[in-house]
Amino acid sequence: MGQTQTRKVGIANACPDGYDSEKFKKICHLFDKLDKDSNLGVSSDEIEDIAAHHVENCISRMQSRIKSKTLEFQVSKTQIVIDKKNEIDSINEKYKNRTQKEERIHNVNIEDIVTKITWYQSLDKNGQAEAFIKAVMPSGGKHIDFWAFFDYMKTRVGDIKNIE
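First residue of the sequence shown? That's 6 in my numbering, and the numbers climb one at a time after it.
Right, here's the structure in full:
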């Protein structure tokens with residue numbers, strides 16, 4: 006029994022600064038229990054029980070890590086699904102807005118064209134002549150010369166079907 010007291014002193018004189026003294030005592034007690042031959046060292050034949058516990062604890066920690074990593078993965082996957090949905094919604098909204106804008110522009114353009122058609126349909130012979138002169142007459146000109154007429158007609162040759 007005298008050896009046990011000496012041995013504890015030989016293992017460590019005092020608990021290290023900042024470490025829990027109760028935990029330190031438990032560690033000392035376990036070491037003392039493992040050191041069956043009281044030589045202040047633990048040999049491989051003295052550690053079979055604690056080695057088995059060590060392996061079990063390692064396996065348990067690894068299994069806990071697997072659970073933790075699996076949970077992290079599930080959270081990441083859920084976040085990816087949420088992000089994907091938000092981005093899809095954002096893209097859908099962007100293109101919906103773009104489509105609506107194009108539809109408004111289209112409607113305004115059609116309305117302008119219909120208004121011009123209505124205006125042309127309302128012209129009498131004098132109004133038609135004025136519209137033609139305005140379209141063909143060069144800016145600041147006093148009459149329609151050949152080159153002004155040519156510039157107007159060069160892209161409208163297909164319109165000359167009924168003139169012989």
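By construction, the Cβ of each residue, glycine as well, lies at the ideal position given by its N, Cα and C atoms.
Computed from a predicted structure; not experimentally measured.
Have a look at the options and flag the residue whose alpha-carbon is nearest the alpha-carbon of residue i.
i: residue 158; options: 108, 141 and 72; result: 141
i: residue 54; options: 67, 39, 68 and 66; result: 39
Would you please state the rounded distance, in angstroms, between the beta carbons of residue i and residue j? I believe it to be under 8 Å.
i: residue 163; j: residue 153; result: 20 Å between Cβ atoms; not a contact.
i: residue 149; j: residue 138; result: 7 Å
How far does the alpha helix (DSSP H) with residue i in it reach, from first residue to last?
i: residue 52; result: Careful: residue 52 lies outside any alpha helix (DSSP H) and carries neither H nor E.
i: residue 24; result: Element bounds for residue 24: n/a, residue is neither H nor E.
i: residue 158; result: 151-158
i: residue 141; result: 130-141
Does the CB of residue i have a neighbour CB from chain D at under 8 Å?
i: residue 19; result: Included in the structure is just one protein chain, with no chain D present.
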